[in-house]
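**Student:** I'd like to ask you about the structure that follows.
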Amino acid sequence: MMPEIPEEVRAIKARIAEFVREELHPFEAEIAERGEIDEGKLSALRAKAREAGFSNLNMPREYGGMDLSVVSQVALEEEAGKTTNGLGYMVADRGPRELLDLASPEQIERYVMPVVRGETREAWAITEPGAGSDIKDIATTAAKDGDGWVLDGEKWFVTGGERAGFFIVLAWDGEEQASFLVDRDAPGLEIVRTPAFMHDPYASKHVELRLTGCRVPSSARLGGDKGTKRWFSLERIMIAARCCGAAERLVDLARSWSLEREASGRKISEYQAIQFMLADSVTELNAARLMTYHVAQVWDQDDPSILHGKTAMAKLFASEMAGRVADRAVQIFGGRGYMVENPAERYYRELRVDRIWEGTSEIQRLIIARGLLKRGAKAYMMDGRRHPG
Ligand SMILES: Cc1cc2nc3c(=O)[nH]c(=O)nc-3n(C[C@H](O)[C@H](O)[C@H](O)COP(=O)(O)OP(=O)(O)OC[C@H]3O[C@@H](n4cnc5c(N)ncnc54)[C@H](O)[C@@H]3O)c2cc1C
């Protein structure tokens with residue numbers, strides 16, 4: 447059973463869908479033609495999406511949000527998945543809610559509120575050249591020095607780092623790991639490189655940072671690492687939601703083309719080879735979508751015992767499903783599917799990262815397997831009942 451989505455959220459979902467169709471799909475086509483993103487137009491569209499009220503909806507009401515449930519966020523995130531070039535983030539523009547659990551009132555005032563007001567952005571700097579899948583491998587250190595900290599290390603793949611006003615940097619403070627709020631202009635912080643990626647041209651860049659004797663005040667340290675773990679897990683369910691949105695658009699595009707295209711005197715939709723690809727895609731999409739909404743409901747029930755494992759299942763299945771659906775869509779379009787001007791080509795490249803970031807497919811499998819071995823299969827059944835951890 448699909449969970450109920452409140453009327454007001456359904457109305458926002460419809461407005462986002464319209465924005466994606468009317469504003470972002472033409473922009474995608476323009477990007478494909480130019481081979482690059484018009485940054486001026488990108489900023490203008492971001493401002494327009496913000497004005498339309500698509501930002502911070504996950505934040506508590508006292509922070510200007512709607513305190514949306516995870517199910518409602520998933521419903522909106524699906525629409526974000528229906529556009530390429532990373533443009534979807536502007537219509538499902540979640541605020542830094544996880545920071546609220548970690549930050550002091552002063553840190554909230556200084557860092558979170560400007561993000562909520564749209565004056566700046568945050569970027570998470572966790573991965574390093576020598577550490578990705580296992581954050582225990584990070585080498586960045588934070589040494590206490592007088593009334594502050596000195597950070598040393600290197601951070602890779604920092605998404606949104608090109609326009610972030612501050613970074614959330616994970617480092618070793620002695621034997622424990624802690625996160626630090628580091629201003630973009632902190633002495634000793636340097637953006638070393640902005641490499642190109644498979645999904646370019648993409649609305650966000652992924653920068654490399656170097657921290658060399660980077661001094662931050664004692665107030666820069668965030669409390670605990672629970673928020674970071676929660677952020678990773680919540681991002682995983684949102685990735686699953688975007689993959690479902692992407693797959694839905696791909697199935698529709700491939701279906702329409704199959705009804706239009708003729709080969710050997712017949713519509714290709716009349717060939718079983720094509721029909722079977724469409725049938726597999728829509729079936730797998732539905733399985734992923736049901737799983738994603740179910741897991742979102744588990745988040746809303748605040749049932750922590752199996753949340754991590756179930757979220758891993760949704761991320762794993764939905765991202766691998768979307769990869770297969772994009773591959774079949776390219777096939778159904780034939781040569782046209784290989785052209786950059788075709789959304790199927792762009793999705794084929796762009797969806798690849800969903801099997802890598804926020805934990806690779808292998809890491810999701812490890813999480814699932816470890817939980818399964820510990821608790822047994824019953825705990826992982828998605829039948830809507832709560833099972834004892
Ligand atoms: C476009 C992009 C944006 C990103 N944005 C951010 C960001 O904003 N902030 C940030 O901090 N990071 C970010 N990342 C980093 C991302 O989270 C990591 O790339 C990811 O976690 C994998 O780490 P790795 O690249 O070091 O791969 P590795 O950990 O080196 O893994 C290499 C291979 O080994 C496998 N492997 C590793 N360990 C095991 C194991 N125990 N068992 C079986 N197989 C294993 C992996 O599955 C993979 O196939 C981003 C990455 C990309 C590509």
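Position 190 of the sequence shown, counting from 1, maps to 636 under this note's numbering, and the rest follow consecutively. Glycine included, every Cβ here is placed at the ideal spot set by N, Cα and C.
May I ask you to report which of helix, strand or coil DSSP gives R676?
**Tutor:** Reduced to three states, the DSSP call for R676 is helix.
**Student:** Between which two residues does the beta strand (DSSP E) holding V516 run?
**Tutor:** Careful: V516 lies outside any beta strand (DSSP E), inside the alpha helix (DSSP H) at 516-526.
**Student:** Is the distance from the Cβ of A700 to the Cβ of A734 below 9 Å?
**Tutor:** No.
**Student:** The alpha helix (DSSP H) with L657 in it runs from where to where?
**Tutor:** Here L657 belongs to no alpha helix (DSSP H); instead the beta strand (DSSP E) covers 652-663.
**Student:** Could you give the first and the last residue of the continuous alpha helix (DSSP H) run that contains R735?
**Tutor:** R735 -> alpha helix (DSSP H) spans 718-746.
**Student:** Under a three-way DSSP split, which group does V455 fall into?
**Tutor:** Note: V455 maps to helix in three-state DSSP.
**Student:** Do V604 and ligand 1 come close, with the Cβ less than 8 Å from some heavy atom?
**Tutor:** Result yes, Cβ under 8 Å from ligand 1.
**Student:** Would you list the residues sitting across from E568 in a DSSP beta bridge?
**Tutor:** Paired residue(s): F612.
**Student:** Give a yes or no on whether the C-beta atoms belonging to G541 and S501 are separated by under 9 Å.
**Tutor:** Cβ distance < 9 Å, so G541 and S501 count as in contact.
**Student:** Identify, in the order they occur along the chain, each residue of the same chain with its Cβ nearer than 7 Å to the Cβ of L818, setting aside the five sequence neighbours on each side.
**Tutor:** Cβ within range, chain order: Y826.
**Student:** With DSSP collapsed to three states, give me the class of S765.
**Tutor:** DSSP places S765 in helix when its eight states are reduced to three.
**Student:** For A836, list the residues DSSP reports as bridge partners.
**Tutor:** Any question about residue 836 goes unanswered here, given that the chain covers just 447 to 835.
**Student:** Quick one: grab the DSSP three-state call for S489.
**Tutor:** Reduced to three states, the DSSP call for S489 is helix.
**Student:** If I follow the unbroken beta strand (DSSP E) through I643, where does it start and stop?
**Tutor:** Note on residue identity: the sequence assigns Phe, not Ile, to residue 643. Note, F643: premise wrong, no beta strand (DSSP E); not H, not E.
**Student:** Let me check understanding here. Comparing Cα to Cα, which of R782, G527, E497, V776 lies closest to D800?
**Tutor:** For D800, the nearest C-alpha among the options comes from G527.
**Student:** Sorry if obvious, but does the Cβ on L412 come closer than 8 Å to a heavy atom of ligand 1?
**Tutor:** Beyond the ends of the chain as shown, which are 447 and 835, falls residue 412; an answer cannot be given.
**Student:** For G599, does the three-state DSSP call read helix, strand or coil?
**Tutor:** Here G599 sits in strand by DSSP.
**Student:** Quick check on T757: does DSSP put it in helix, strand or coil?
**Tutor:** Note: T757 maps to helix in three-state DSSP.
**Student:** Pull the bridge partners of T605 from the DSSP assignment, please.
**Tutor:** Looking at the DSSP assignment, T605 forms a beta bridge with H652.
**Student:** Where P834 and V516 are concerned, what is the direct C-alpha to C-alpha distance, given to the nearest angstrom?
**Tutor:** Because the pLDDT at P834 is just 45, under 50, the model does not fix this residue reliably, and the value given afterwards should be weighed accordingly. Computed Cα separation, rounded: 22 Å.
**Student:** Got a sec: does ligand 3 put a non-hydrogen atom nearer than 8 Å to the Cβ of W618?
**Tutor:** No copy of ligand 3 occurs in the structure displayed; its ligands are ligand 1 alone.
**Student:** So, for R630: in the same chain, excluding its five sequence neighbours on each side, which residues have a beta-carbon less than 8 Å away from its beta-carbon?
**Tutor:** Taken in chain order, the residues that qualify are A610, G611, F612, F613.
**Student:** Could you check which residue in K651, V741, R567 has the C-alpha nearest to that of M447?
**Tutor:** Ranking the options by Cα distance to M447, first place goes to V741.
**Student:** According to DSSP, which residues form a beta bridge with L705?
**Tutor:** Answer by DSSP bridge pairing: none, since L705 is not bridged.
**Student:** Go through its chain and collect everything with a Cβ distance to L731's Cβ below 7 Å, but skip five positions before and after it.
**Tutor:** Contacts found: C690, A693, E694, V697, M767, V771.
**Student:** Looking at C-alpha atoms only, which residue of L522, R792, K590 is the closest neighbour of N504?
**Tutor:** Of the candidates L522, R792, K590, the one whose C-alpha sits nearest the C-alpha of N504 is L522.
**Student:** Using three-state DSSP, classify E574 as helix, strand or coil.
**Tutor:** Note: E574 maps to strand in three-state DSSP.
**Student:** Could you check where the alpha helix (DSSP H) with L548 kicks off and where it finishes?
**Tutor:** Start and end: 543-548.
**Student:** What is the DSSP secondary structure of D829, counted as helix, strand or coil?
**Tutor:** Residue state, collapsed to three classes: coil.
**Student:** Using 8 Å as the Cβ pair cut-off and three pairs as the minimum, do the stretch 596-608 and the stretch 580-588 touch?
**Tutor:** Touching, yes, given that three or more Cβ pairs across the two stretches are closer than 8 Å.
**Student:** Classify P834 as helix, strand or coil using the three-state DSSP reduction.
**Tutor:** Confidence at P834 is low in this model, with a pLDDT of 45, below 50, so the placement of that residue should be treated as unreliable; the coordinate-derived value is given next. Of the three classes helix, strand and coil, the one that applies to P834 here is coil, per DSSP.
**Student:** Let me check understanding here. Comparing Cα to Cα, which of V537, R480, Q721, E485 lies closest to E468?
**Tutor:** Answer by Cα proximity: V537.
**Student:** May I ask you to report which of helix, strand or coil DSSP gives E796?
**Tutor:** Helix, per DSSP.
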